[in-house]
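Asks:
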Amino acid sequence: MSFRIAVTTTQSPQSVFFRVEQQAVWHFHTASWTTAPNGERILTMNQSGTSGILRFVNNNGERFAVIVGIDNRQRWCDIIPNDTPTQTGQSVLSLYYNGGRNANIRESRFSQRIAYLRGRRRISIHFTVLQGNNLRATITVGQ
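Residue numbers (UniProt numbering): 1 to 143.
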C-alpha cells in the first residue's frame, strides 16, 4: 500500500526567507520527493515504514530540518531545530530507526510538533489530513 504526504511551507511576512537546502528519504524502502508547480513538496512512499527529511536554511545561516513519515500505517513528524550541515539527510534519518536515539519520536506518531531556533524563531509542523493514504502537512516558519 502506497502513501503520499504533501507538505506546504508557509512563512511569516516578517521572517527571513528559508529555502529547502536538501531533501532525502529513508533508504530501506522505495520513496521519493517531488516538487509541485506551486512549491509544495510531495513525499511518495511505496509502503509503511519509511520517511523523508526536508532541510531548510536562510541567508543568515539559521537551519532546521523537518521529518515526516509513515510507521505502522500511521503518520508521524518531527522538527530538528538548529540542524547542522555536517550531517547528511540519511544520517539524520537513521536516528529514527534501528534503535537510534530518536526512534521513540517515530514510534510516538506525533501529528504536530513545535520547536524554536536559537533566535527564538518558532517552527511548527502539523498534519491537516491525519488519516488515509493521501496526507497533508503544513510547516510554518514564524518571526
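Just so you know, even glycine gets a beta-carbon here, dropped at the ideal spot from N, CA and C.
How about Ser48 and Arg19: are their beta carbons less than 8 Å apart?
Replies: By 1-based counting over the sequence shown, the position of residue 48 is 48. By 1-based counting over the sequence shown, the position of residue 19 is 19. Taking 8 Å as the Cβ cut-off, Ser48 and Arg19 do not qualify as a contacting pair.
Asks: Taking the Cβ atom as the reference point for each residue, do Gln23 and Gly69 lie within a distance shorter than 8 Å?
Replies: The sequence position of residue 23 within the sequence shown is 23, counting from 1. The sequence position of residue 69 within the sequence shown is 69, counting from 1. Not in contact: Gln23 and Gly69 (Cβ atoms no closer than 8 Å).
Asks: By DSSP, does Gly69 sit in helix, in strand, or in coil?
Replies: Position 69 of the sequence shown, counted from the start, is the residue given in the question as residue 69. Strand, per DSSP.
Asks: Just to confirm the assignment, what range does the beta strand (DSSP E) spanning Arg120 have?
Replies: In the sequence shown, counting from the first residue as 1, residue 120 sits at position 120. No beta strand (DSSP E) contains Arg120, which DSSP labels as neither H nor E.
Asks: For Ser32, count the other beta carbons within 10 Å of its own beta carbon; 16 or more makes it buried, fewer makes it exposed. Which is it?
Replies: Locating residue 32 in the sequence shown gives position 32, counting from the first residue. Result: exposed.
Asks: Using a Cβ-Cβ cutoff of less than 7 Å, which residues in the same chain neighbour Ser12 once the five nearest sequence positions on both sides are dropped?
Replies: Position 12 of the sequence shown, counting from 1, holds the residue named residue 12. Result list for Ser12: Val141, Gly142, Gln143, in chain order.
Asks: Drop a sphere of 10 angstroms on the beta-carbon of Glu62, count the other beta-carbons inside from all chains shown, and report buried for 16 or more, exposed for fewer.
Replies: Within the sequence shown, numbered from 1, the residue matching residue 62 stands at position 62. So Glu62 ends up on the buried side.
Asks: Which residues in the same chain as Leu117 place their Cβ atom closer than 7 Å to its Cβ, once the five residues preceding and following it in sequence are excluded?
Replies: In the sequence shown, counting from the first residue as 1, residue 117 sits at position 117. If we look at Leu117 and ignore the five residues flanking it on each side, its Cβ neighbours are Glu62, Phe64, Pro81, Asn82, Ile123.
Asks: For Val129 and Ala137, what's the separation of their Cα atoms in angstroms?
Replies: The residue you call residue 129 lines up with position 129 of the sequence shown. The residue you call residue 137 lines up with position 137 of the sequence shown. Approximately 7 Å, taken between the alpha carbons.
Asks: How long is the line joining the alpha carbons of Gln112 and Pro37, rounded to whole angstroms?
Replies: Position 112 of the sequence shown holds residue 112. Position 37 of the sequence shown holds residue 37. One C-alpha to the other measures close to 25 Å.
Asks: Rounded to whole angstroms, how far is the Cβ of Asp71 from the Cβ of Arg109, which I believe are closer than 8 Å?
Replies: In the sequence shown, residue 71 corresponds to position 71, counting from 1. In the sequence shown, residue 109 corresponds to position 109, counting from 1. 6 Å between Cβ atoms; contact.
Asks: Looking at the secondary structure, which residues open and close the beta strand (DSSP E) in which Glu21 lies?
Replies: To locate residue 21, count along the sequence shown from 1; it is residue 21. Counting along the chain, the beta strand (DSSP E) containing Glu21 begins and ends at 18 to 25.
Asks: Determine which residues share a DSSP beta bridge with Pro81 and list them.
Replies: On the sequence shown, residue 81 is found 81 positions in, with the first residue counted as 1. Note: Pro81 sits in a beta bridge opposite Phe64.
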